[in-house]
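A.B. asks:
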Amino acid sequence: MPATLTRRPLFRSALAALLPAVALLSGCQPPHPSGQLVVASKSSLASVDPVDVTTHAGLQLLSAVGDPLYTAAADGQLKPHLATALPQISPDGRRARIPLRRDVLFHDGSRFDAAAMVFSLERFRSLAKLGYLLDDRISGVRASGPYELELQLKRPYSALPALLSSISLTPLSPTAYRKHQSQSLADRFVGTGPYRLVSSTPQKQTLLPFERYWGPPPRNRGLHLVTLSNSTALFGALVSGEVDVLTSSGMDSDQQRALAQRAQQGRLVEGIGPAGEIGYLTLLSDRPPLNQPLLRRAVALSLDRELISQRVSYGIRAPLRSLVPPPLAGSEPPAWPAYNPSQARQLYQQAGYCKGRRFTLPLTFRSNVPADKLFALTWKAQLQRDLSDCVQLEITGVESTTAYRQLADGTFPMILFDWSADYPDPDIYLAPMLACSKAEGQQCLEGNAAAAGSFWSTPGLQAELEASERLSGPARLPLLRKLQQRTAAAAAYIPVWQVAPRAGAQPRRRQPVFDGSGRLVLQALSVR
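First residue of the sequence shown: 308, per this note's numbering; consecutive thereafter.
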């Protein structure tokens, strides 16, 4: 693909090319009973055990078969779920007691109580790929009563209810998992959610309503979560009626826009959730060529997000100038500067470029992520058009697993990544990039900032990060804004876009709705 700024052609129907995939979907499945729905996505699922699950598809499944202690509404407001009230915090902020529901059963008929919650949390802490969710915050868990959970915190944490809304922390039946306390159980799930998992393969999971569920029953009679291998097959399966609902996470922008257009025409029903995923650039700050703050600030001013959003995603990936996406606290006003080629040129000139000398800016993108490649090509063309005498972009593609493995080694001077939050709070965006347990001046030697590939810190930043964690409400806003302003001035990270989850459904289905964590509410899917 040439590096030009001409608009890519709009997606045109290619049903003939995807008929084999549609035939495969329909041919491999018997007709489903009335009232059961087929929900399609792009991600396969190797394991249904919460200790293994990290993908969108896995978390989506857990939200249907499991329950968290707290839930986030679409507006971000938290409310008790398996808990009956918000945590009771000790005066020193280091102990939290949580009262639990007494009317909850696991899918195997055993009773949910504080001991079961302790079992599940300790298992998660010892086995989970996302174990950092608790390791960074919690030093111990115990049952302080038959239906009361007590957490020992490493330090005060105002976002504890948000953390405990993570579906990864859903309780499991100690009876069912006793033999799997120290190992994963990939193909079976026994939790408390509105559905029970009756069969599971990497390509299909069948869910039926749990008749003894403590809360409102699902609006449908069951779900079949299926995986299709590519974006075109997903689009074709929805258009042809082979699936009832599809989640557009991971779909190409052409198909996403085509779905949105069909929804505008009344040919599909579309739901959009709160943006929980961000795309951002990480700049290696402790070695050449981007160890000069002046050059990093010039790069930040060289990024035309509006144009890139349109060229890469037709505006679906909305421009973002904050590490915290709206509407979360601290996202406004934007801390990063808007595109300004004249100011960028001045900084490049101060650094010794633009007058017969061009700065070679190296960018690595994930070669298996289509949007990343389009971003790299579009930005390269934009710089060639607007700042060609000062800077040239040198792009390199690397497979994503290689990129993740090498990030903490300082391999990439600049790389494009995305980040999806596990729960809706500013801390889950800031701490993974800024937290640093050992720093010298502007360099992070140990901690999240090193693992994230920027190796950037600055005196007082960690103290401010921890101080913001102790605050809530309006008192927290000034610190959240200050943290982002300091990070923006250093330009060790540059936010690019935010991605809102979308789902399309057949016209006779109810509009898909999302919770505050950006997950499709599967139990609300039904026929109108």
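Every residue gets a Cβ at the ideal spot worked out from N, C-alpha and C, and that includes glycine.
None of the values given here were measured: they were computed from a predicted structure.
Give every residue of the same chain whose Cβ lies closer than 7 angstroms to the Cβ of TYR377, excluding the five residues on either side of it in the sequence, and list them in chain order.
C.D. replies: Locating residue 377 in the sequence shown gives position 70, counting from the first residue. Once the five neighbours on either side are set aside, the close Cβ partners of TYR377 are LEU385, LYS386, PRO387, HIS388, ALA390, PRO468, LEU471, SER472.
A.B. asks: Thinking just about the alpha-carbon of each residue, which of PHE762, GLY823, ALA645 is nearest to the one in ALA715?
C.D. replies: Taking the first residue of the sequence shown as 1, we reach residue 715 at position 408. Distances from the CA of ALA715 to each of PHE762, GLY823, ALA645 were compared; the closest alpha carbon is that of PHE762.
A.B. asks: Identify which residue in PRO644, PRO340, ASP679 has its Cα closest to the Cα of ILE585.
C.D. replies: In the sequence shown, residue 585 corresponds to position 278, counting from 1. Nearest C-alpha to ILE585: ASP679.
A.B. asks: Can you tell me which of ALA759, VAL372, PRO802, GLU753 puts its alpha carbon nearest to the alpha carbon of ILE615?
C.D. replies: The residue given as residue 615 occupies position 308 in the sequence shown. Nearest of ALA759, VAL372, PRO802, GLU753 to ILE615, Cα basis: PRO802.
A.B. asks: If you follow the alpha helix (DSSP H) that VAL546 is part of, which residue opens it and which one closes it?
C.D. replies: Taking the first residue of the sequence shown as 1, we reach residue 546 at position 239. VAL546 -> alpha helix (DSSP H) spans 538-546.
A.B. asks: Out of ASN527, ASP693, SER536, TYR520, which one is the CA nearest neighbour of HIS511?
C.D. replies: To locate residue 511, count along the sequence shown from 1; it is residue 204. His is not the amino acid found at residue 511; the sequence shown has Lys there. The shortest Cα separation from LYS511 among ASN527, ASP693, SER536, TYR520 belongs to SER536.
A.B. asks: Give the secondary structure of MET424 by DSSP, where H, G and I count as helix, E and B as strand, and everything else as coil.
C.D. replies: Start at 1 with the first residue of the sequence shown, and residue 424 comes out as number 117. Here MET424 sits in helix by DSSP.
A.B. asks: Under a three-way DSSP split, which group does PRO814 fall into?
C.D. replies: In the sequence shown, counting from the first residue as 1, residue 814 sits at position 507. Note: PRO814 maps to coil in three-state DSSP.
A.B. asks: Would LEU900 pass as a contact of LEU737 if the rule is Cβ separation under 8 angstroms?
C.D. replies: Nothing about residue 900 can be reported from this structure: the residues present for the chain run from 308 to 835 only.
A.B. asks: DSSP beta-bridge partners for GLY452?
C.D. replies: Numbered from its first residue, the sequence shown carries residue 452 at position 145. DSSP, once it has assigned bridges, lists GLU455 as partnering GLY452.
A.B. asks: What residue range is occupied by the uninterrupted alpha helix (DSSP H) comprising ARG603?
C.D. replies: For the purposes of this step, residue 603 is identified with residue 296 of the sequence shown, where counting begins at 1. From DSSP, the alpha helix (DSSP H) with ARG603 extends over 600-608.
A.B. asks: Unbroken beta strand (DSSP E) runs of length 3 or more, entirely within the region 496-522: which are they?
C.D. replies: 502-507, 511-516
A.B. asks: Looking only at its chain, what residues have a beta carbon closer than 8 angstroms to the beta carbon of SER507, apart from the 5 residues adjacent to it on each side?
C.D. replies: Taking the first residue of the sequence shown as 1, we reach residue 507 at position 200. Excluding residues within five positions, the ones whose Cβ falls inside 8 angstroms are LEU352, VAL355, ASP494, ARG495, PHE496, THR513.
A.B. asks: Can you tell me which of ALA782, LEU723, THR718 puts its alpha carbon nearest to the alpha carbon of ALA757?
C.D. replies: Here residue 757 corresponds to residue number 450 of the sequence shown, with the count starting at 1. Ranked by Cα distance from ALA757, the first of ALA782, LEU723, THR718 is THR718.
A.B. asks: Does HIS388 come out as helix, strand or coil in the three-state DSSP assignment?
C.D. replies: As a working note, residue 388 is residue 81 in the sequence shown. In the structure shown, HIS388 sits in coil (DSSP, three-state: anything other than H, G, I, E or B).
A.B. asks: Where do the ends of the beta strand (DSSP E) carrying MET740 lie?
C.D. replies: To locate residue 740, count along the sequence shown from 1; it is residue 433. First-last for MET740: 734-741, but that is the alpha helix (DSSP H), not the beta strand (DSSP E).
A.B. asks: Hey, out of ALA450, ASN755, VAL552, whose CA is closest to THR589's CA?
C.D. replies: Here residue 589 refers to the residue found at position 282 when the sequence shown is read from its first residue. Per the Cα distances, ASN755.
A.B. asks: In three-state DSSP terms, what is TYR711?
C.D. replies: Position 404 of the sequence shown, counting from 1, holds the residue named residue 711. Collapsing the DSSP output to three states places TYR711 in a helix.
A.B. asks: Using the beta-carbon count (16 or more within 10 Å), is ARG519 buried or exposed?
C.D. replies: By 1-based counting over the sequence shown, the position of residue 519 is 212. So ARG519 counts as exposed.
A.B. asks: How about GLY500 and LEU479: do their beta carbons lie closer than 8 angstroms?
C.D. replies: On the sequence shown, residue 500 is found 193 positions in, with the first residue counted as 1. On the sequence shown, residue 479 is found 172 positions in, with the first residue counted as 1. No. Outside cutoff.
A.B. asks: Exposed or buried, THR539, counting other C-beta atoms within 10 Å across all chains shown (16 or more means buried)?
C.D. replies: Position 232 of the sequence shown, counted from the first residue, corresponds to residue 539. With 16 or more other Cβ atoms inside 10 Å of its own Cβ, THR539 counts as buried.
A.B. asks: By Cβ distance, which residues of its chain are closer than 7 angstroms to LEU752, with the 5 residues on each side in sequence left out?
C.D. replies: Locating residue 752 in the sequence shown gives position 445, where the first residue counts as 1. Taken in chain order, the residues that qualify are LYS745, ALA746.
A.B. asks: Three or more C-beta pairs under 8 angstroms: does that hold for the region 650-657 against the region 789-809?
C.D. replies: no
A.B. asks: Pull the bridge partners of CYS661 from the DSSP assignment, please.
C.D. replies: The residue given as residue 661 occupies position 354 in the sequence shown. DSSP output for CYS661 lists no bridge partner at all.
A.B. asks: Along the chain, where does the alpha helix (DSSP H) containing PHE682 start, and where does it finish?
C.D. replies: For this step, residue 682 is matched to residue 375 along the sequence shown. Segment 677-693, the alpha helix (DSSP H) holding PHE682.
A.B. asks: Are the beta-carbon atoms belonging to PRO463 and ARG692 less than 8 angstroms from one another?
C.D. replies: Position 156 of the sequence shown, counted from the start, is the residue given in the question as residue 463. Position 385 of the sequence shown, counted from the start, is the residue given in the question as residue 692. Not closer than 8 angstroms, so no.
A.B. asks: Taking three-plus beta-carbon pairs below 8 angstroms as touching, is the region 559-568 in contact with the region 767-781?
C.D. replies: no
A.B. asks: Using the C-alpha atoms, what's the distance from LEU768 back to ALA797?
C.D. replies: As a position in the sequence shown, residue 797 is number 490, starting the count at 1. As a position in the sequence shown, residue 768 is number 461, starting the count at 1. Distance between the alpha carbons of ALA797 and LEU768 is about 12 angstroms.
A.B. asks: To the nearest angstrom, report how far apart LEU366 and LEU575 are at their CA atoms.
C.D. replies: Here residue 366 corresponds to residue number 59 of the sequence shown, with the count starting at 1. Here residue 575 corresponds to residue number 268 of the sequence shown, with the count starting at 1. Each residue's Cα considered, the two are about 25 angstroms apart.
A.B. asks: According to DSSP, is LEU412 part of a helix, a strand, or is it coil?
C.D. replies: By 1-based counting over the sequence shown, the position of residue 412 is 105. LEU412: strand per DSSP, three-state reduction.
A.B. asks: Starting from TYR620, trace the alpha helix (DSSP H) in both directions and tell me its first and last residue.
C.D. replies: Within the sequence shown, residue 620 is the residue found at index 313, counting from 1. It should be noted that the sequence gives Ser, not Tyr, for residue 620. Its alpha helix (DSSP H) spans residues 612-620.
A.B. asks: Decide if ARG783 is buried, meaning its Cβ has at least 16 other Cβ atoms within 10 Å, or exposed.
C.D. replies: Taking the sequence shown and counting its residues from 1, one reaches residue 783 at position 476. Residue environment for ARG783: buried (at least 16 other C-beta atoms within 10 angstroms of its C-beta).
A.B. asks: Quick check: does the Cβ of ALA797 come within less than 7 angstroms of any heavy atom belonging to the ligand SAM?
C.D. replies: Ligands in the displayed structure: none, and consequently the ligand SAM is not present.
A.B. asks: Please determine, among THR362, GLN750, GLN749, SER727, the residue with the shortest C-alpha to C-alpha distance to PRO739.
C.D. replies: In the sequence shown, counting from the first residue as 1, residue 739 sits at position 432. Checking every option, the nearest Cα to that of PRO739 belongs to SER727.
A.B. asks: Have a look at the DSSP bridge pairing and note the partners of PHE762.
C.D. replies: The sequence position of residue 762 within the sequence shown is 455, counting from 1. Its beta-bridge partners do not exist; DSSP assigns none.
A.B. asks: Can you grab the Cα-Cα spacing for the pair ALA799 / LEU787, in whole Å?
C.D. replies: Taking the sequence shown and counting its residues from 1, the one referred to as residue 799 is at position 492. Taking the sequence shown and counting its residues from 1, the one referred to as residue 787 is at position 480. Approximately 17 angstroms, taken between the alpha carbons.
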